[in-house]
Amino acid sequence: MLRLVLLLALVAGLDALCGFFFQRLTKSAIGGDTARNEYIANKVTAPVLIFGSSRAIHHYDPRIFKDSLEVDCYNCGQNGMGIVLFYGRYKMITQRYIPKLIIYDALAGFDIEENDNYGYLTWLKPYYQNAGIDSIFWQIEPKERYKMFSMMYRYNDKILQMLTDNVKNIRVDYDGYRPGEGIMNYEVREEKEPSNVKVDSTKMYFMERFIQNCKHNGTRLVFTFSPFYGGNKHLHQTYAAIYELAEKYKIQVISHYNDEDLIHRKDLFSDSYHMNHAGAEIYSKRLAHEIKGMFNFIQ
-12 MLRLVLLLAL VAGLDALCGF FFQRLTKSAI GGDTARNEYI ANKVTAPVLI FGSSRAIHHY
48 DPRIFKDSLE VDCYNCGQNG MGIVLFYGRY KMITQRYIPK LIIYDALAGF DIEENDNYGY
108 LTWLKPYYQN AGIDSIFWQI EPKERYKMFS MMYRYNDKIL QMLTDNVKNI RVDYDGYRPG
168 EGIMNYEVRE EKEPSNVKVD STKMYFMERF IQNCKHNGTR LVFTFSPFYG GNKHLHQTYA
228 AIYELAEKYK IQVISHYNDE DLIHRKDLFS DSYHMNHAGA EIYSKRLAHE IKGMFNFIQ
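Residue 139 in this note's numbering is what sits at position 152 of the sequence shown, and the numbering runs on without skipping anything.
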């Protein structure tokens, strides 16, 4: 029995030591997603924030919004992520300050459609102890409350990335924005029928809570649909869940998804989903001009 107690104590001590080491690596990262995630969670103070997936990262240049709106802007987008992560990020950010405006680039696959929501927790694991984050885990996977006692578990899928991000900044960004590179060189097939999107009740729960929190805190929210190569005639059907929430809570929706002067120009896209820097520059200027006219209170 004594040996078992000593073994458990040793494991607990080792786990705590590893947790301390990983926390230090998180805070000392000089670049990459580790430093970026830490900055968003604990340091960002910009009045205007960009939320969304990789389309947000590559389509919204905060420097252009800053020039137009005359306030700081930061791009909080994250590859392959949606409302589960951004609800958590908003909770952490509002522990420190209240953003004046959030521009949310919605994408059906990450913000509406039913799929494995557990994967969206990965960037929240290191911040499980932050106010309001634990309940997100419990909502998605109740057993996580027991696993998260382990500090090693919180960091185990990011160890290599943390080490790399402490040695070299291999992913340069500009206030969170990462310019898309290259020019699209292939054709895409036109979608003749609307996508069959099965709405995820968990995502809709977090999206509605996010909207309610923004309303309560006085954060203005705008849903945006940035250009997609070739466009989509069925946009309203695909994003019906977003439009319904926007109407319910009187949230502005701005769509450039089907802008004819952009969506057929391969020179503005790195692939069918993502604009390159040239495309992002045009789109960011267009959207910033619209938002400036809508929200002069930011000045």
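All C-beta atoms, glycine included, are put in the ideal place defined by N, C-alpha and C.
What do you reckon, are the CB atoms on residue i and residue j nearer than 8 Å?
| i | j | result |
| --- | --- | --- |
| ILE85 | GLY205 | yes |
| HIS221 | SER259 | no |
| PHE282 | LEU88 | yes |
| ARG42 | HIS261 | yes |
| LEU4 | ILE278 | no |
| TYR164 | ASN245 | no |
| PRO166 | HIS264 | yes |
| PRO113 | THR189 | no |
| MET138 | SER257 | no |
| LYS78 | ILE120 | yes |
| TYR142 | VAL175 | no |
Would you report the Cα separation of residue i and residue j, rounded to the nearest angstrom?
| i | j | result |
| --- | --- | --- |
| LEU150 | GLN224 | 44 Å |
| TYR226 | TYR47 | 20 Å |
| GLY0 | TYR192 | 38 Å |
| THR32 | MET68 | 22 Å |
| ASP152 | LYS235 | 42 Å |
| SER271 | TYR133 | 43 Å |
| TYR74 | ARG196 | 8 Å |
| LEU255 | ASN219 | 17 Å |
| PHE8 | ILE269 | 43 Å |
| ILE238 | GLU231 | 10 Å |
| ALA233 | VAL240 | 7 Å |
| SER15 | LYS155 | 12 Å |
| GLU177 | ASP98 | 23 Å |
| ASN200 | LEU94 | 20 Å |
| LYS53 | CYS60 | 6 Å |
| ASP248 | GLY169 | 19 Å |
Excluding the five sequence neighbours on either side, which residues of its own chain have a C-beta within less than 7 Å of the C-beta of residue i, listed in chain order?
| i | result |
| --- | --- |
| ILE72 | Here residue 72 is Leu; the residue named in the question, Ile, does not match the sequence. Excluding residues within five positions, the ones whose Cβ falls inside 7 Å are GLN65, TYR107, TRP110 and LEU111. |
| GLU100 | VAL184, LYS185 and ASP187 |
| GLN148 | GLY19, ASP20 and THR21 |
| ASP144 | THR109 |
| ILE198 | LEU208, LEU232, TYR236 and ILE238 |
Using the rule of at least 16 other Cβ atoms within 10 Å of the residue's Cβ for burial, across every protein chain shown, is residue i buried or exposed?
| i | result |
| --- | --- |
| ASP103 | exposed |
| ASN24 | buried |
| ILE250 | buried |
| HIS276 | exposed |
| HIS45 | buried |
| VAL209 | buried |
| ALA228 | buried |
| VAL159 | exposed |
| PHE38 | buried |
| SER122 | exposed |
| GLY266 | buried |
| GLY96 | exposed |
| PRO214 | buried |
Pull up the DSSP beta-bridge partners for residue i, would you.
| i | result |
| --- | --- |
| CYS297 | Coverage of the chain is limited to positions -12 through 286, which leaves residue 297 absent and any answer about it impossible. |
| GLN239 | VAL209 |
Considering only residues of the same chain and omitting the five flanking positions on each side of residue i, which have a CB-CB separation below 8 Å?
| i | result |
| --- | --- |
| ARG83 | ASN29 and THR32 |
| PHE124 | LEU108, LEU111, TYR115, GLU131, ARG132 and MET135 |
| LYS253 | ILE170, MET171, ASN172 and TYR216 |
In chain order, what residues of the same chain lie with their CB nearer than 6 Å to the CB of residue i, ignoring the 5 residues before and after it?
| i | result |
| --- | --- |
| TYR26 | none |
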